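What follows is one structure encoded as structure tokens, with my remarks underneath.
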Amino acid sequence: MSEELGRVVASHGRRVLVESARGERVPCTLLGRRLQAVCGDEVRWRPDTMAGHGIVVERLPRRTALERTNARGGAEPLVANLTQLLVVFAHEPRPDYFIVDRYVAAAELLGLRAIVARNKSDAGALPPPGPEELENYARLGYHTIECSAEDGSSIVALDEQLRGQVTVLVGQSGVGKSSLANRLLPGLEAKTAELSAATEEGRHVTSVAVLLHLPGGGDLVDSPGVRDFAPAIELLGQPARAFREIEALAPGCRFSDCRHLREPDCAVREAVSAGRILERRYESYRRLNRLSEKLAPPPGG
Ligand code: GDP
Ligand code: ZN
Numbered sequence: 003m004s005e006e007l008g009r010v011v012a013s014h015g016r017r018v019l020v021e022s023a024r025g026e027r028v029p030c031t032l033l034g035r036r037l038q039a040v041c042g043d044e045v046r047w048r049p050d051t052m053a054g055h056g057i058v059v060e061r062l063p064r065r066t067a068l069e070r071t072n073a074r075g076g077a078e079p080l081v082a083n084l085t086q087l088l089v090v091f092a093h094e095p096r097p098d099y100f101i102v103d104r105y106v107a108a109a110e111l112l113g114l115r116a117i118v119a120r121n122k123s124d125a126g127a128l129p130p131p132g133p134e135e136l137e138n139y140a141r142l143g144y145h146t147i148e149c150s151a152e153d154g155s156s157i158v159a160l161d162e163q164l165r166g167q168v169t170v171l172v173g174q175s176g177v178g179k180s181s182l183a184n185r186l187l188p189g190l191e192a193k194t195a196e197l198s199a200a201t202e203e204g205r206h207v208t209s210v211a212v213l214l215h216l217p218g219g220g221d222l223v224d225s226p227g228v229r230d231f232a233p234a235i236e237l238l239g240q241p242a243r244a245f246r247e248i249e250a251l252a253p254g255c256r257f258s259d260c261r262h263l264r265e266p267d268c269a270v271r272e273a274v275s276a277g278r279i280l281e282r283r284y285e286s287y288r289r290l291n292r293l294s295e296k297l298a299p300p301p302g303g
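Following our numbering, the numbering of the sequence shown begins with 3 at its first residue and continues without gaps.
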């Protein structure tokens, strides 16, 4: 039987839903134990002997992959071929900017764009230091947006930022990710239920990652597994790369391999003391650095 190309639009373990070039959606199983495919993967598949079903025979190379570090320290792919992260925070739950930094760092390490969105602009001010935090991300060169899933403000502007992109929604629980997705994709809940049902063949499972097409073009990936991920270990080799203001100043350090921790004549620590680098961003860097060392101890250390 002839093989064709397709794209995984929902995945749950070894069951995937493949969208064909003609736009059909076919529940598929993966051929062989070693083959792995997640939402966003491009695959080669063929119809199964069972009508309406297919078999994924090959995964095409991934351009990008968002991976989580699992309990055994291994990297577990969550979404493939994404092009940007939409990092959401709000005044409620109280924002943890270390978490925002961590998602932004993940995007940076993957070479992807991060959009930082403050949701619930209709409903109250950010706790101190307030709007400054969003401005700080803008000053670093990230696209920022203040929006409201509730009253719809700046949803059009947000939608424009998602056109033609494969965007993954991330952020603390309760910031309004589902509400934003619903605004951007009318009928989202029904579509998600349909996709997860097709993947699960009727069983009710809520942990299915789904990729949905935005009306204006582009895709939005909503994945429960992505919502609390940590950047995968191999990406953490050079944590400074994850912080663009640190990376920018590193050439001014005395040592070319300066880790910006206790080294003398460190341009980065000087900038922190002078207030040119935010203390919190530097602390985020130190935390990621500690994590990196814990996961991959340096030789002899
Ligand atoms: P998620 O956990 O990030 O997916 O957050 P939800 O979308 O489930 O939203 C959490 C809560 O915040 C719900 O009670 C929403 O109604 C509320 N919420 C979401 N977006 C907004 C918003 O723009 N303004 C206000 N006032 N409430 C919002
Ligand atoms: Zn330094």
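Positions of the beta carbon are idealized from the N, C-alpha and C atoms, including for glycine.
Note that the structure is a prediction, hence the values are computed from the model and not measured.
Listed in chain order, the non-local C-beta contacts of residue 145 below 6 Å within the same chain comprise 117, local neighbours out to five positions each way being set aside.
The criterion of a C-beta distance shorter than 8 Å is satisfied by residue 109 and residue 115. Only residues of its own chain outside the window of five on either side were considered, and among them 83 have a CB closer than 6 Å to the CB of residue 65, listed in chain order. Assignment of residue 128 by DSSP, reduced to helix, strand and coil, places it in the coil class. The Cβ-Cβ distance between residue 81 and residue 211 falls below 8 Å. Every candidate alpha helix (DSSP H) stretch fails here, since none sits fully inside the region 57-92 while reaching 4 residues. Secondary structure in the region 116-172: the alpha helix (DSSP H) runs of 4 residues or longer, each lying completely within the stretch, are 134-141 and 157-164 in chain order.
Residues of the same chain with a CB within less than 6 Å of the CB of residue 187, apart from the 5 flanking positions on each side, are 214 in chain order. With respect to residue 168, residue 221 sits close: the two C-beta atoms are nearer than 8 Å. If the five residues before and after residue 270 are omitted, its C-beta is found closer than 7 Å to the C-beta atoms of 248, 251, 252, 255, 262 and 279, all from its own chain and listed in chain order.
As DSSP reads the structure, residue 21 sits in a beta bridge with 9 and 27. Take residue 201, set aside five residues on each side of it, and the residues of its chain with a beta-carbon closer than 6 Å to its own are 12, 14, 17, 19 and 210, in chain order. Using a Cβ distance threshold of 8 Å, residue 151 and residue 173 do not count as a contacting pair. DSSP places residue 226 within a helical segment (H, G or I) once states are collapsed to three. Annotation: the continuous beta strand (DSSP E) that includes residue 212 extends over 211-215.
For residue 295, the distance from the CB to the nearest heavy atom of the ligand GDP is not below 7 Å. Unbroken alpha helix (DSSP H) stretches of 4 residues or longer found wholly inside the region 254-287: 269-275, given in chain order.
The three-state secondary structure of residue 36, taken from DSSP, is coil. Taken through DSSP and simplified to helix, strand or coil, residue 97 comes out as coil. Boundaries cannot be given for residue 243, as no beta strand (DSSP E) includes it and DSSP labels it neither H nor E. Counting along the chain, residue 46 sits inside the beta strand (DSSP E) bounded by residues 44-49. Ranked by Cα distance from residue 131, the first of 93, 50 and 39 is 93. Residue pairing by DSSP places residue 14 opposite 17 in a beta bridge. Classified as buried, residue 8 has 16 or more neighbouring CB atoms from the shown chains inside 10 Å of its CB. About 5 Å separates the CB atoms of residue 61 and residue 43; that is less than 8 Å, so the two are in contact. Beta-bridge partners assigned by DSSP to residue 103: none are found. For a cut-off of 8 Å, the C-beta gap from residue 98 to residue 283 is around 14 Å, too long to register as a contact.
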